[in-house]
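Asks: As numbered in the numbering used here, residues -8 to 388 make up the sequence shown, in order.
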Amino acid sequence: MPSPKYKPLFNRRYLLILVWVLPVVILLLHQYAAQPSALENLSWDSRRQHYLMPAENSPSRLELLLPRTATLNDTDWIETSVAQQALQARISEPDVQTLLDQQQWQLSVSSQPAFTLLQLSFTEPPEQEATTRLLNLLREQPYFDWRSARDRLQAQRYLASQSAQSHLLSAFGEKLPRPDRSIESLYSRLWWTEPRRLLIAQGDASITDRPPQAAPPPNRDWNPGEFALSTAELRGRSSDQWRLLGQPLNAPTNGTELAHQRLVAELVSLLLPTLFRQQEDYRWLWQPLLGGGYQALIWKGRQLDRTMLGQYLAAELDAGILAKAQDRLLTSLTRIEQSQPEQWLHLVALYRLPLDSHRAFRDTLNQIDLEQARTLITELLPPDDSFYLYYTDRTTP
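1) Are the region 130 to 142 and the region 342 to 360 touching by the rule of at least three beta carbon pairs closer than 8 Å?
2) By a C-beta neighbour count over all protein chains shown, 10 Å radius and 16 as the cutoff for buried, is valine 16 buried or exposed?
3) Would you tell me roughly how many angstroms separate the C-alpha atoms of arginine 268 and glutamine 286, rounded to the nearest one?
4) Rounded C-beta distance between leucine 280 and alanine 250? I'm assuming under 8 Å.
5) Quick check: the region 109 to 126 against the region 38 to 53, are there 3 or more CB pairs under 8 Å?
6) Going by C-alpha distance, which of Arg130, Trp213 and Glu328 is nearest leucine 57?
7) I believe leucine 220 touches alanine 162 by the beta-carbon criterion, under 8 Å. Please report the beta-carbon distance rounded to the nearest angstrom.
8) DSSP three-state label for serine 34, please.
9) Taking glutamine 95 and threonine 114 to be in contact with their CB atoms under 8 Å, please state how far apart those CB atoms are, rounded to whole angstroms.
10) Roughly how many angstroms separate the alpha carbons of arginine 234 and arginine 59, rounded to a whole number?
11) Can you tell me which residues form a DSSP beta bridge with leucine 217?
12) What residue from Pro215, Gly282 and Leu308 has the CA that sits closest to serine 260's CA?
13) So, with DSSP's three-state summary, where would you put proline 239?
14) In or out: serine 176 buried (at least 16 other Cβ within 10 Å) or exposed?
15) So alanine 105 is in the beta strand (DSSP E); what residue range does that whole segment cover?
16) From the DSSP secondary-structure annotation, give me the bridge partner or partners of threonine 222.
17) Just mark alanine 222 as buried or exposed, buried being the case when its beta carbon has 16 or more other beta carbons within 10 Å.
18) Just the Cα atoms here: how many angstroms apart are alanine 146 and threonine 298?
19) Taking only runs that begin and end inside the region 327 to 387, name each unbroken beta strand (DSSP E) of 3 or more residues, in chain order.
20) What does DSSP give as the partner residues of alanine 256 in its beta bridges?
21) Can you give me the C-alpha to C-alpha distance between phenylalanine 106 and serine 179, rounded to a whole angstrom?
22) Could you tell me whether the region 288 to 295 touches the region 333 to 344, where touching means 3 or more Cβ pairs closer than 8 Å?
23) If you compare alpha carbons, which of Asn357, Gln329, Asp65 and Ile191 is closest to glutamine 153?
24) What are the uninterrupted segments assigned as beta strand (DSSP E) that are 3 or more residues long and contained completely in the region 42 to 77, given in chain order?
25) Grab the span of the alpha helix (DSSP H) containing alanine 407 for me, first residue to last.
26) Taking all protein chains shown into account, do 16 or more other C-beta atoms lie within 10 angstroms of the C-beta of alanine 77, making it buried, or fewer, making it exposed?
27) Could you tell me the alpha carbon to alpha carbon distance between isoleucine 69 and arginine 141, rounded to whole angstroms?
28) In or out: serine 301 buried (at least 16 other Cβ within 10 Å) or exposed?
29) Taking just the CA atoms, how far does leucine 159 sit from leucine 150?
30) Who are the near neighbours of alanine 80 in its chain, counting only those whose CB is closer than 6 Å to its CB and skipping five residues on each side?
31) When the Cα atoms are used, what is the spatial distance from phenylalanine 378 to leucine 236?
32) Does the separation of the CB atoms of leucine 390 and leucine 346 fall below 8 Å?
33) I need the straight-line Cα distance from isoleucine 359 to proline 332, nearest angstrom please.
34) With DSSP collapsed to three states, give me the class of threonine 184.
35) Tell me the DSSP secondary structure of serine 390 in three-state form.
36) Could you tell me whether the Cβ atoms of glutamine 75 and serine 102 are closer together than 8 Å?
Take a look at the structure:
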């Protein structure tokens, strides 16, 4: 029986096509991979005092960030909320609306966890004089029914803050240092520091001035220790086994510090299930605000050895958990670079990070090893620099 005729996998025509097509494909892939992230084009304009991120395919806008402070306790939450409502009222007043109409601007406000965002949309980049005039107008206190707004928010807060957890968080918030406690006007507290200006529009970012640097961490008015809350404040509720261990958290000043903070927060969230039983409730709080940032563990149940918390979690950390945390953070950074670069620009502007902080962030996450990660975890919530709150049948003197 004759053997079947041999047929090569690739005939001469296929090979000829590959010779011509492969170089083109390689060139296209190289050009695609070589396309710089939008974060590579960040710049700072010292004359206009704003950050610039070129945006070819998105609406042009000027964003103003008003950094926020902690609102864990009832008073801070109510006062901040009242001020936010007053800002909305100020934008609606005739003199502000007249300026917006004259300049053909659209102004919107949104509240983010770490800042209040004012977004100014336009067809032509605004002149510095006009934006300065708008800011000066917005800083003026509006005609506003402060008492009615405060009463409504007090009632709302009362209904939402009657749990044992809420009482602990409120007490912790009272202990946190804040940069604006001396500012008397509630509305002025919105402007406790200079707003961050971000221009997202077409522009040349090839030359950049030196951006402002992050201020060193302030001397914190912080007195760590223990504080007992009376179970009588719970009005007969039985949830008296909630506890809280927390401390202030300084804002990061560069990409490396941000990577360390973010990695610790991610690792703690992955490791805490090894510490608590299934029936035990707990929460991990992490908020690196520009002023009054904090991190805290709040849980219900048995008393933990606070001196060994960091050591216990560090001992539970293995290469798999570290890799999982690193992958999550690096994937998030890639997503931001590709589709939402303004999110990173917000961090750069808010904390005054270096323009290339995304590189340091990525490099730090890629290079950190298991031993270094364990060291970071070990330093979590040290007793000498933390505040411990719990419930007791008797109040402390």
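Beta carbons: idealized from backbone N, C-alpha and C, even for Gly.
Replies: Looking at the atomic coordinates:
1) No, they do not touch.
2) Position 25 of the sequence shown holds residue 16. Caution is warranted here: a pLDDT of 45 is assigned to valine 16, below 50, making its placement in the model unreliable, and the coordinate value is therefore given only provisionally. Per the 10 Å Cβ criterion, exposed.
3) Within the sequence shown, the letter at position 277 stands for residue 268. Within the sequence shown, the letter at position 295 stands for residue 286. In a straight line, the C-alpha of arginine 268 is about 22 Å away from that of glutamine 286.
4) In the sequence shown, the residue the question calls residue 280 occupies position 289. In the sequence shown, the residue the question calls residue 250 occupies position 259. Not a contact, Cβ separation roughly 18 Å.
5) Touching, yes, given that three or more Cβ pairs across the two stretches are closer than 8 Å.
6) Your numbering for residue 57 matches position 66 in the sequence shown. When only C-alpha atoms are compared, the closest one is Arg130.
7) Here residue 220 is taken as the residue at index 229 of the sequence shown, counted from 1. Here residue 162 is taken as the residue at index 171 of the sequence shown, counted from 1. Correct: roughly 6 Å between the Cβ atoms.
8) The sequence position of residue 34 within the sequence shown is 43, counting from 1. Serine 34 falls in the strand class under three-state DSSP.
9) Within the sequence shown, residue 95 is the residue found at index 104, counting from 1. Within the sequence shown, residue 114 is the residue found at index 123, counting from 1. With a Cβ gap of about 7 Å, glutamine 95 and threonine 114 count as contacting.
10) Position 243 of the sequence shown, counted from the first residue, corresponds to residue 234. Position 68 of the sequence shown, counted from the first residue, corresponds to residue 59. Cα-Cα distance, rounded: 26 Å.
11) The residue you call residue 217 lines up with position 226 of the sequence shown. In the sequence as displayed, the identity of residue 217 is glutamate instead of leucine. Residue pairing from DSSP places glutamate 217 in a beta bridge opposite Tyr379.
12) Here residue 260 refers to the residue found at position 269 of the sequence shown. For serine 260, the nearest C-alpha among the options comes from Leu308.
13) By one-based count along the sequence shown, residue 239 stands at place 248. Residue state, collapsed to three classes: strand.
14) Locating residue 176 in the sequence shown gives position 185, where the first residue counts as 1. In this structure serine 176 is exposed. Its beta-carbon is surrounded by fewer than 16 other beta-carbon atoms within 10 angstroms.
15) Looking up residue 105 in the sequence shown gives position 114. Run containing alanine 105: none; DSSP gives neither H nor E here.
16) To locate residue 222, count along the sequence shown from 1; it is residue 231. None; threonine 222 has no bridge partner.
17) Here residue 222 is taken as the residue at index 231 of the sequence shown, counted from 1. Per the sequence shown, residue 222 should be read as threonine rather than alanine. So threonine 222 counts as buried.
18) Here residue 146 refers to the residue found at position 155 of the sequence shown. Here residue 298 refers to the residue found at position 307 of the sequence shown. As the crow flies, the alpha-carbon of alanine 146 is around 39 Å from that of threonine 298.
19) Assignment of beta strand (DSSP E) within the region 327 to 387, counting only whole runs of 3 or more residues, yields 378 to 383 in chain order.
20) Numbered from its first residue, the sequence shown carries residue 256 at position 265. DSSP lists no partner for alanine 256.
21) Taking the sequence shown and counting its residues from 1, one reaches residue 106 at position 115. Taking the sequence shown and counting its residues from 1, one reaches residue 179 at position 188. Using only the alpha carbons, I get a separation of about 15 Å.
22) No, the region 288 to 295 does not touch the region 333 to 344.
23) For the purposes of this step, residue 153 is identified with residue 162 of the sequence shown, where counting begins at 1. That would be Asp65, whose Cα lies nearest to the Cα of glutamine 153.
24) Correct list: 52 to 58.
25) Since the first and last residues shown for the chain are -8 and 388, residue 407 lies out of range.
26) The residue labelled residue 77 in the question sits at position 86 within the sequence shown. Buried, by the Cβ-count rule.
27) Taking the sequence shown and counting its residues from 1, the one referred to as residue 69 is at position 78. Taking the sequence shown and counting its residues from 1, the one referred to as residue 141 is at position 150. C-alpha of isoleucine 69 to C-alpha of arginine 141: approximately 7 Å in a straight line.
28) Taking the sequence shown and counting its residues from 1, one reaches residue 301 at position 310. The sequence shown places glycine at residue 301, not serine. Residue environment analysis places glycine 301 among the buried positions, since at least 16 neighbouring C-beta atoms fall within 10 angstroms of its C-beta.
29) Translated into the one-based positions of the sequence shown, residue 150 becomes position 159. Translated into the one-based positions of the sequence shown, residue 159 becomes position 168. Going by the C-alpha atoms only, they are around 16 Å apart.
30) By 1-based counting over the sequence shown, the position of residue 80 is 89. For alanine 80, where only same-chain residues beyond five positions count, the Cβ hits under 6 Å are Pro133 and Phe135.
31) Against the sequence shown, residue 378 aligns to sequence position 387. Against the sequence shown, residue 236 aligns to sequence position 245. Each residue's alpha carbon lies about 6 Å from the other.
32) Summary: the structure shown does not reach residue 390, with the chain confined to residues -8 through 388, and so no result is reported for it.
33) By 1-based counting over the sequence shown, the position of residue 359 is 368. By 1-based counting over the sequence shown, the position of residue 332 is 341. Near 24 Å, if we compare the C-alpha coordinates of proline 332 and isoleucine 359.
34) Numbered from 1 along the sequence shown, position 193 holds the residue referred to as residue 184. Under the three-state reduction of DSSP output, threonine 184 falls in the coil class, being neither helix nor strand.
35) Within the shown structure, residues of the chain are numbered from -8 to 388, placing residue 390 beyond reach of any answer.
36) Taking the first residue of the sequence shown as position 1, residue 75 is located at position 84. Taking the first residue of the sequence shown as position 1, residue 102 is located at position 111. For glutamine 75 and serine 102, yes; Cβs fall inside 8 Å.
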